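In what follows, a structure is listed as structure tokens, so that the remarks can point back to it.
Numbering (this note's numbering), first residue to last: 9 to 195.
What follows is the structure, given as structure tokens:
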């Protein structure tokens with residue numbers, strides 16, 4: 009059966025392979041993204057303060073269609089959250105440190121979970137990743153002063169028997185900060 013223009017005809021139909029961007033696997037809850045969604049996501053990652061009118065100048069959609077798509081992308085979870093990045097003028101004097109954490113050989117899941125909860129709960133920890141290699145975790149601390157850093161490190165790391173040791177590398181200056189993921193319509 010072939011469907012065309014609201015009619016159904018009995019004849020042979022030829023199926024053509026169509027490459028659709030970001031087609032989720034069968035049974036997954038992942039949303040499908042078309043080229044307009046991808047363009048919008050790439051643009052708002054760099055500046056989410058753009059109006060729908062401004063975005064319409066860059067994406068071939070009406071402002072109302074853009075607003076609807078952005079609401080859908082937020083509700084589907086494609087946009088996790090919107091944040092404001094402060095100017096280095098306001099944050100440049102703060103002490104920042106990359107901390108490489110090595111866990112004890114005998115660290116159990118309970119101790120590791122407790123450490124992760126302390127890292128997650130600390131406002132001084134800006135990001136935290138579990139990594140491969142000689143260290144197990146890397147975290148970025150952002151503190152008002154060396155004293156504040158020492159207090160945070162003592163509270164989060166030194167007090168934990170799960171932490172074997174940690175190395176601190178203080179940030180001298182920021183060379184690049186670009187937390188953007190360039191999405192590609194080709195998958």
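Glycine is no exception: its CB is placed at the ideal position from the N, C-alpha and C atoms.
These figures come from a predicted structure and were not determined experimentally.
query	result
Please specify which runs of the beta strand (DSSP E), each continuous and at least 3 residues long, are wholly inside the region 116-140, giving them in chain order.	133-138
Could you tell me if residue 37 is buried or exposed, where buried requires 16 or more neighbouring beta carbons within 10 angstroms of its beta carbon?	In this prediction, residue 37 has a pLDDT of 48, which is less than 50 and means its spatial position is unreliable; what the coordinates show is noted afterwards. Residue 37 comes out exposed.
For the putative contact between residue 104 and residue 164, defined by C-beta atoms under 8 Å, what is the C-beta separation to the nearest angstrom?	Residue 104 to residue 164, Cβ: 15 Å. No contact.
Keeping to the same chain, check which residues put their C-beta closer than 6 Å to that of residue 177; ignore five residues upstream and five downstream.	106
Relative to the alpha-carbon of residue 56, which residue among 179, 91, 99 and 97 has its alpha-carbon at the smallest distance?	91
Within a Cβ cutoff of 7 Å, which residues of the same chain sit near residue 2, ignoring the five residues on either side of it in sequence?	Summary: the structure shown does not reach residue 2, with the chain confined to residues 9 through 195, and so no result is reported for it.
To the nearest angstrom, how far is the alpha carbon of residue 192 from that of residue 128?	31 Å
Can you list, in chain order, the stretches of the alpha helix (DSSP H) that have 4 or more residues and sit fully within the region 151-193?	154-161
Within 10 angstroms of the Cβ of residue 168, are there 16 or more other Cβ atoms? Answer buried if so, exposed if not.	buried
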